[in-house]
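Line by line, the protein sequences are chains H and Z.
Anchor point for the first sequence: position 15 equals 187 in this note's numbering, and the numbering is continuous, going up by one each time.
Anchor point for the second sequence: position 101 equals 273 in this note's numbering, and the numbering is continuous, going up by one each time.
Protein chains: 2
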Amino acid sequence: MEDRTRNIRLTLAYDGTAYHGFQRQAPQHGATVQGTLEDTWRRMFGEEIRMNMAGRTDAGVHAAGQVINFWSSAPIPLEKIPKAFNSYLPRDIRILRSREEGEKFNARRSARWKRYDYRIDHHEIADVFQRLYAWHEPVRLDRERMRRAAGFLEGKHDFYTFAAAGGVSRTFTRTLYRCRVGLEEELIRITCVGDGFLYNMVRIIAGTLLAVGKGKLKPEDMPEILSSRDRSRAGQTAPPQGLTLTYVHYGEEEPETVFPELFRESSPL
Amino acid sequence: MEDRTRNIRLTLAYDGTAYHGFQRQAPQHGATVQGTLEDTWRRMFGEEIRMNMAGRTDAGVHAAGQVINFWSSAPIPLEKIPKAFNSYLPRDIRILRSREEGEKFNARRSARWKRYDYRIDHHEIADVFQRLYAWHEPVRLDRERMRRAAGFLEGKHDFYTFAAAGGVSRTFTRTLYRCRVGLEEELIRITCVGDGFLYNMVRIIAGTLLAVGKGKLKPEDMPEILSSRDRSRAGQTAPPQGLTLTYVHYGEEEPETVFPELFRESSPL
């Protein structure tokens with residue numbers, strides 16, 4: 173059993189349905205993932221911790237690969253943390269992996285790039301088993317148009333048009349390595365891989381690509397919508413339940429090497 | 173608009189998590205799918221209906237293709253029923269299809285065969301997005317052994333050993349056309365297709381195949397376990413959330429013609 177102070181990194185998944193987002197809020201706003209994690213750790217070890225998270229997720233947004241770090245001197249072997257923590261956590265939050273990091277590691281600032289996936293259920297009648305994990309929009313969507321529009325968003329751009337008010341970023345230039353429209357079983361899946369994301373950026377991209385798929389916007393409009401820096405030119409902000417923070421990368425590897433299937437030109441459509 | 177009395181058949185899907193089973197119970201036992209459907213119909217048309225269901229499902233059990241029928245003189249075109257009904261129903265119940273049947277049709281008695289699927293999440297850490305739709309059993313399972321055991325259960329047998337107390341059946345001989353162990357993405361899926369199922373039969377089959385996969389029972393034990401007519405010889409009753417009533421068939425077609433992939437010898441394992 174160790175008891176020196178360590179910088180602990182955890183990878184976790186959660187179903188965001190029951191939470192008012194990841195970030196801790198005043199109790200009257202209801203349970204948050206961070207509050208649940210920090211309070212549970214205190215119950216387990218009597219230790220107050222403060223977590224850094226790779227990506228803030230809003231109420232109803234899910235995570236398959238969120239990453240957090242915190243300093244702790246809890247006397248538990250690193251490899252035993254996931255099982256022990258999971259035995260105290262509610263079943264809609266699961267710790268997947270643990271590791272120790274150097275003192276400079278910060279889950280948010282050290283992240284090199286992230287992957288988000290947004291799911292749309294476009295069938296006339298919603299799939300009851302996906303209702304909490306996809307946006308039900310029962311409309312005919314032209315996926316080829318959506319795919320062309322997504323291509324215009326790839327690369328290094330000023331994404332001010334795709335940022336909701338209320339974000340903390342002061343700079344708006346981000347690099348979207350990949351913005352891909354594909355299929356996941358019966359659902360349409362929009363995958364965004366980038367070096368950083370503005371507040372609600374993926375949900376606004378999803379709402380904009382949906383408007384393209386419906387024919388309300390043209391793929392060729394994207395460059396001008398980007399340069400307009402006018403939020404009203406983009407589509408609506410898609411609802412939270414369709415969004416999942418899938419993966420956060422910290423090493424040197426490029427997205428192509430981690431997710432080669434996303435970069436193959438053979439379209440999944 | 174028609175207003176003659178019709179025998180209406182509906183196909184529906186539901187997430188059973190929030191319900192105390194399909195069958196209507198005394199209100200103090202909580203909401204049921206049947207109660208929700210009948211009460212919603214009364215609110216829509218001021219008409220009291222009594223439904224027959226193809227297969228009773230217990231608390232927490234799901235359906236992707238449940239079938240019901242009821243007599244109604246509600247003045248609504250048949251094809252408009254799914255959309256109208258869905259607009260009043262909670263989002264965890266969706267009507268998929270409607271059709272009119274002859275007066276002899278009864279969703280339960282007219283059913284020729286049914287398909288159930290049971291899902292097991294055998295990974296060490298449960299998938300948070302499957303926790304309500306699969307049984308989490310973090311154990312190493314020998315799927316080849318499970319598959320051999322399942323093969324012994326196929327055919328016409330007395331399934332008394334695999335029937336829980338509390339069932340209404342007085343006869344115990346059923347034909348299991350197919351009992352297959354396969355993979356569905358990351359989950360193990362046990363698929364049962366048969367002409368009838370005893371109370372908790374699929375959940376007891378799932379618990380028994382799990383015991384075989386763990387090495388607690390041998391595939392070759394199945395014939396003797398069947399003939400023993402001793403419930404204690406079979407495995408535990410697997411929990412409800414892993415079970416889905418997938419499909420009910422009423423026509424002449426054999427299961428092989430409706431689900432050919434289940435009968436191909438190429439194993440999905």
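In this text, a Cβ means the ideal position worked out from N, Cα and C, and glycines have one as well.
Nearest neighbour of Z:T409 by Cα position, chosen from Z:T333, Z:I240, Z:E426, Z:H192, turns out to be Z:T333. Here the alpha carbon of H:K286 sits roughly 19 Å from the alpha carbon of H:K276. Close partners of H:P254 in chain Z (Cβ separation under 8 Å): I297. Taking the beta carbon of H:F194 as reference, no residue of chain Z falls within 9 Å; the closest one sits roughly 14 Å away. In the displayed model, H:T177 falls within coil according to three-state DSSP, outside both helix and strand. In the same chain as Z:G366, and ignoring 5 residues on each side of it, the C-beta atoms closer than 7 Å to its own belong to W285, K286, R346, T347, L348, Y349, in chain order. Residue contact with chain H for Z:A226: absent (no Cβ-Cβ distance below 8 Å to any residue of chain H). Residue pairing for Z:A226: DSSP places it in no beta bridge. Here Z:P391 is buried, its C-beta having at least 16 other C-beta atoms within 10 Å. Below 8 Å, too few C-beta pairs join the stretch 430-438 of chain H and the stretch 226-242 of chain Z to call them touching: fewer than three. The Cβ atoms of Z:P254 and Z:R271 do not sit closer than 8 Å to each other.
Cβ-Cβ distances below 6 Å link Z:T380 to A406, G407 in the same chain, with the five nearest sequence neighbours on each side left out; the list follows chain order. In this structure, Z:Y305 and H:F301 form a Cβ contact; the two beta carbons are roughly 6 Å apart against a cut-off of 8 Å.
For H:I265, a Cβ of chain Z is located within less than 8 Å of the residue's own Cβ.
Selection H:G338, H:E309, H:A283, H:V353 evaluated against H:E425 yields H:A283 as nearest (Cα-Cα).
Residue pairing of Z:F242 in beta bridges, as defined by DSSP: Z:I180. Taken atom to atom, the span from the alpha-carbon of Z:P249 to that of Z:G202 is near 32 Å. For H:I376, the enclosing alpha helix (DSSP H) has its first and last residue at 373-386.
Shortest Cα-Cα distance from Z:P262 to any of Z:F331, Z:C351, Z:Y186, Z:G387 involves Z:Y186. Contact with chain H is found for Z:D187, since one of that chain's Cβ atoms lies less than 8 Å from the residue's Cβ. Annotated three-state conformation of H:D264 is coil, per DSSP. In this model, H:A226 and H:T363 are separated by some 18 Å (Cα to Cα). For H:V420, the pairing in a beta bridge is given by DSSP as H:K286. Within the same chain, and ignoring the five residues on either side of Z:R317 in sequence, the residues whose Cβ sits closer than 7 Å to its Cβ are V384, G385, P391. Look at Z:I297 here: in three-state DSSP terms it is coil, with no helix or strand label. The continuous alpha helix (DSSP H) containing H:I397 extends over residues 394-400.
Below the 7 Å Cβ cutoff, chain H contributes D187, Y305 as neighbours of Z:F301, in chain order.
When secondary structure is reduced to three states using DSSP, Z:V340 falls in the coil class, being assigned neither helix nor strand. H:R317: member of the alpha helix (DSSP H) spanning 315-325, first to last residue.
Distance from the CA of H:L182 to the CA of H:Y260, rounded to the nearest whole angstrom, comes to 15 Å. Secondary-structure assignment with DSSP links H:A185 through a beta bridge to H:R266. Using a CB distance cut-off of 8 Å, Z:L268 counts as an interface residue toward chain H.
Per DSSP, reduced to three states, the secondary structure at Z:E428 is helical. Counting along the chain, H:E356 sits inside the beta strand (DSSP E) bounded by residues 345-356.
Taken through DSSP and simplified to helix, strand or coil, Z:V365 comes out as strand.
Z:I360 is positioned such that its CB atom lies closer than 8 Å to that of Z:H294.
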